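First residue of the sequence shown? That's 2 in the numbering used here, and the numbers climb one at a time after it.
Here a beta-carbon is modelled for each residue, glycine too, at the ideal position from N, C-alpha and C.
Note that the structure is a prediction, hence the values are computed from the model and not measured.
A short worksheet on the structure shown next.
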Amino acid sequence: MVRRRGTILILATGGTIAGVGEIGKSTVYRPGKLTADELISEIPEINNIAPLETMQICNVNSDDITADIWLELASIINREAKDDNVKGFVITHGTDTLEETAYFLNLAVKTKKSVIITGSMRPATSISADGPMNLYQAVCAAASRETEGQGVLAVFADRIYSARSVTKTSTYQLTAISAGRMGAIGVIRDGKVYMYETTNKAHTNKSEFDVSKLDRLPKVSILYFHVDASPELLKYAAEHSDGLVIAGAGAGEFSLIYGDMIRTLNVPVVVSSRVDDGLITSDMLRVEETIAANNLSPQKAAVLLRLALTVTNDTEKIREMFLKY
2 MVRRRGTILI LATGGTIAGV GEIGKSTVYR PGKLTADELI SEIPEINNIA PLETMQICNV
62 NSDDITADIW LELASIINRE AKDDNVKGFV ITHGTDTLEE TAYFLNLAVK TKKSVIITGS
122 MRPATSISAD GPMNLYQAVC AAASRETEGQ GVLAVFADRI YSARSVTKTS TYQLTAISAG
182 RMGAIGVIRD GKVYMYETTN KAHTNKSEFD VSKLDRLPKV SILYFHVDAS PELLKYAAEH
242 SDGLVIAGAG AGEFSLIYGD MIRTLNVPVV VSSRVDDGLI TSDMLRVEET IAANNLSPQK
302 AAVLLRLALT VTNDTEKIRE MFLKY
């Protein structure tokens, strides 16, 4: 079948947007039950935006998303983007790990075509489910010239966020997907896209990461520092990982004995913070051999470190990547 020009390809992975539970309730539901076609069938107006094509990648809670699924998504987008009839992509996804998938794809896909990720906070069977509007707006964004070349974007509750800054800030609010203090870079009103800002960080076709020949990603573990945190956990994690990210207290800080253990490890260690907002630079590091995460959250620092380790193990080069991306 020949695609119509301007086709938007919807890649569905499950999540709350495809969730089903007791009619009217927004809690106690099973995510990843509806297919992409079933989601679209509930939004007749969506077919007026652009020709649509669906692909069910998986149908899972986003806590069950894996690096294998990331690699599959990147491979599909990179392959299908070569079709001149494909205008852009929409990924439906659970909100718990949406920010990680968005950031990975932002560094792994090689196209200027629009790539939009969205989801919902309420299942499809709840009162005032937010999934239909979010999906409708995501397709509007993917069909707009305004989003081309902007990297992977997240669309949620009328707003557009860059993949690098998008995060989940609430366990229940409809505006849970946001960018914290970084803010939205665009909005959508009545199907029209208004972009106001762009990122100066490298992404997509300007990224050096090539995952096309990978069948796995390096393993990176995140260690959360707290009072009396055991340094032995660092040792164990390093023995079973290719790299570590420390979610430090305050500006990436930790105890003296924690630092002593870090100095003995033979894997790259990136220092982030368990605080929601802030910046960690190299001159703030308590252990010279570690790498500053800049303003990346621990989970996003782990995504970048996994990709960095596909290129190099050199600490200095990885430091440069954390400044570049």
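The alpha helix (DSSP H) enclosing residue i, as first and last residue numbers
i	result
Leu12	Not the alpha helix (DSSP H): Leu12 falls in the beta strand (DSSP E), residues 8–15.
Lys320	Reading the sequence as shown, one finds Arg at residue 320 and not Lys. Here the alpha helix (DSSP H) through Arg320 covers 316–325.
Lys88	Per DSSP, Lys88 belongs to no alpha helix (DSSP H); it is in the beta strand (DSSP E), 87–93.
Ala144	132–144
Arg307	299–309
Ser42	37–42
Rounded straight-line distance, which links the Cα of residue j to that of residue i
i	j	result
Gly95	Pro32	8 Å
Met196	Asn267	44 Å
Gly260	Ser298	20 Å
Val3	Ile78	18 Å
Ser163	Leu106	12 Å
Pro269	Glu289	12 Å
Leu99	Glu73	16 Å
Ser115	Glu149	5 Å
Ala142	Ile92	12 Å
Ala238	Ile47	47 Å
Tyr137	Ile178	16 Å
Thr265	Leu215	30 Å
Met183	Lys169	13 Å
Residue i burial status per 10 Å Cβ neighbour count (16 or more: buried)
i	result
Pro45	exposed
Leu224	buried
Leu324	exposed
Asp131	buried
Lys83	exposed
Local conformation of residue i per DSSP, three classes
i	result
Phe331	As shown, the chain starts at 2 and ends at 326. That puts residue 331 outside it, with no answer to give.
Gln174	coil
Gly152	coil
Met285	helix
Val188	strand
Ile117	strand
Arg160	strand
Ala250	strand
Leu245	strand
Gly181	helix
Asn296	coil
Arg1	Because residue 1 is not part of the residues shown, which for the chain are 2 to 326, the question remains open.
Span of the beta strand (DSSP E), counted from its first residue to its last, around residue i
i	result
Lys193	193–196
Met56	53–61
Leu224	221–225
- prompt: Do the segment 50–58 and the segment 157–173 make contact, defined as three or more Cβ pairs closer than 8 Å?
  reply: no
- prompt: So does the segment 10–26 actually touch the segment 122–130, counting three or more Cβ pairs closer than 8 Å?
  reply: yes
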